[in-house]
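*Asks:* Numbering (the numbering used here), first residue to last: 589 to 1130.
Think of the CB as a built atom: it goes at the ideal place given N, C-alpha and C, for glycine as much as any other residue.
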């Protein structure tokens, strides 16, 4: 009997010995059990080891505990070394399960000890969270994780990245994971051939962050093959960045050109048809901007749900306000000064000062805030070029205004009469066209278009009494360069001067760049006094 009991005991011990390693292994793979290893007094190296162990589980649920650790909210209880997420402040705090987030009672803050962290542990948590989110169900989450790992360039994350890459099916996410893998390879001890391939991947990405990584790697590596590949990739990226810098300058130039087009297109009509040098044209722009301000103030006070439509409401009102002021100017002052350009210039300059002072008296001398609707806010990227929505919409808007004016000039009776007066005022009068009426309507139309320009400029510039003064000289340059009275010339002139300004600014500065442009226009006018697109015909007035 004793022998039988002895053999039974031996068998039981053997069976238990076989089960214990399996149980230990199961416990080692259990995220809840691993999280509890944060409890007790331990060094920073032990904490980082636990983080790596959690990351190796691949379980998204452990992210809650890791984020709490990074935020300093992970504590362990002295009595039993149990680990909790702690919320609340004061003597009594709330305990939560670090894996599920469920409430686990309360405790005295004096009975708890915080899991100590430092910057290297925060970095380890960031890497661990990145590896966990690489396998998230949402592709946007995986994309953000891959982007984070690309910036971290941690060689310890190579295996998780490659494991996630083997399962990834989304092309966009997969491409970003390839880039994250390449950045990690450059920081690892992989062979030179792998690093050369990684350099090629970063060259294909072609941004400034890739350039920084490759430049640092080329300066640090001792392997000639890897260095040569990195230097070739650096040269390729620099060429790519230079190309996109030029594209960005062209975009900025087109953006500036659209602003100049809006400011100058009304002046092109009045100057071309009437020959009037209207120094108050900038104030018509300013009145349009202040009309936008008033409309938005009324909407904010009485109908805030209409704010996304505030610009659409302000457009016709700005046209009417500026157009009416222009009509009063023409009927009250300018019609008595035709044929006397110096007196007209002085009179309109005086009107300009009066309008500025009137606006200062009504609205004050300080800048006024005009808000951007949501659809005009933000930006997006094309390659390495940033495109803001407000500038893009202003370009579209300027082209729409240009097309509308072309239609008015070519498809309406007023446009026909305006073109007749432009080509030969005396003959048009002899044919029965009421030239004074055409002059009045033309001046009102040009002023109204300037008011519309003010609505657009209020989205990118300060709305102040001196708003129009910043555009009046540039507007005259655009009109003279493009050809007086020619809308196509105004379009080409505005875009050309805008792009030229933006290419000169990096080398000469903003002020000197404008001076250079002015000198170039003066030289150009010596060769072509009528501008790029001069009016043609036997009876064009000199």
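What residue does the alpha helix (DSSP H) around residue 870 start on, and which one ends it?
*Replies:* Unbroken alpha helix (DSSP H) run through residue 870: 869-890.
*Asks:* Mark residue 1109 as exposed unless 16 or more other C-beta atoms lie within 10 angstroms of its C-beta, in which case mark it buried.
*Replies:* Buried, since its Cβ has 16 or more Cβ neighbours within 10 Å.
*Asks:* For residue 1092, I'd like the list of residues in its chain whose CB is within less than 6 angstroms of its CB, leaving aside the five on either flank, ordered along the chain.
*Replies:* Same-chain partners within the cutoff: 1101, 1104.
*Asks:* The alpha helix (DSSP H) with residue 933 in it runs from where to where?
*Replies:* It spans 929-951 - the alpha helix (DSSP H) in which residue 933 sits, taken as one unbroken run.
*Asks:* Looking at the structure shown, is residue 696 part of a helix, part of a strand, or coil, going by DSSP?
*Replies:* Strand.
*Asks:* Is the distance from the Cβ of residue 780 to the Cβ of residue 821 below 9 angstroms?
*Replies:* No, Cβ-Cβ distance for residue 780 and residue 821 is not below 9 angstroms.
*Asks:* In the structure shown, what three-state DSSP assignment does residue 530 receive?
*Replies:* Any answer about residue 530 is impossible in this case: the structure gives the chain only from 589 up to 1130.
*Asks:* Determine the direct distance from the alpha carbon of residue 762 to that of residue 723, and round the result to whole angstroms.
*Replies:* Going from the Cα of residue 723 to the Cα of residue 762 covers about 12 angstroms.
*Asks:* Could you give the residue range of the beta strand (DSSP E) that holds residue 581?
*Replies:* No statement about residue 581 is possible, as the shown extent of the chain runs from 589 to 1130 and does not include it.
*Asks:* Sort 909, 1076, 1061, 928 by Cα distance to residue 1040 and report the nearest one.
*Replies:* Nearest C-alpha to residue 1040: 909.
*Asks:* By DSSP, does residue 995 sit in helix, in strand, or in coil?
*Replies:* Helix.
*Asks:* Just to confirm before moving on: does the CB-CB distance between residue 1077 and residue 1086 stay below 9 angstroms?
*Replies:* Result no, Cβ atoms of residue 1077 and residue 1086 do not sit closer than 9 angstroms.
*Asks:* Any chance you could list the alpha helix (DSSP H) runs of at least 4 consecutive residues sitting entirely within the region 705-749, in chain order?
*Replies:* The qualifying runs are 707-721, 727-740.
*Asks:* Which runs of the beta strand (DSSP E) fall wholly inside the region 786-846 and span at least 3 residues, in chain order?
*Replies:* The region 786-846 contains no whole beta strand (DSSP E) run of 3 or more residues.
*Asks:* Any idea what DSSP makes of residue 968, helix, strand or coil?
*Replies:* Residue 968: strand per DSSP, three-state reduction.
*Asks:* Closest to residue 1037 by CA distance: which of 1057, 993, 999 is it?
*Replies:* Answer by Cα proximity: 993.
*Asks:* Measuring CA to CA, which of 773, 1066, 1088 is closest to residue 1179?
*Replies:* This structure gives no information on residue 1179, because the portion of the chain shown stretches from 589 to 1130.
*Asks:* Residue 1107: buried (16+ other C-beta within 10 angstroms of its C-beta) or exposed?
*Replies:* Residue 1107 should be labelled exposed.
*Asks:* Going straight from the alpha carbon of residue 1113 to that of residue 1067, what length do you get?
*Replies:* Their Cα atoms are separated by approximately 12 angstroms.
*Asks:* Taking buried to mean at least 16 other C-beta atoms within 10 Å of its own C-beta, is residue 1121 buried or exposed?
*Replies:* Buried, since its Cβ has 16 or more Cβ neighbours within 10 Å.
*Asks:* What number of angstroms, rounded off, separates the C-alpha of residue 790 from the C-alpha of residue 973?
*Replies:* Looking at the two C-alpha atoms, the distance is approximately 18 angstroms.
*Asks:* Where DSSP assigns a beta bridge to residue 664, which residues make up the other side?
*Replies:* Beta-bridge pairing links residue 664 to 671, 701.
*Asks:* Taking only the alpha-carbon atoms, compute the straight-line gap between residue 806 and residue 777 and give it to the nearest angstrom.
*Replies:* Their backbone Cα atoms lie some 14 angstroms apart in a straight line.
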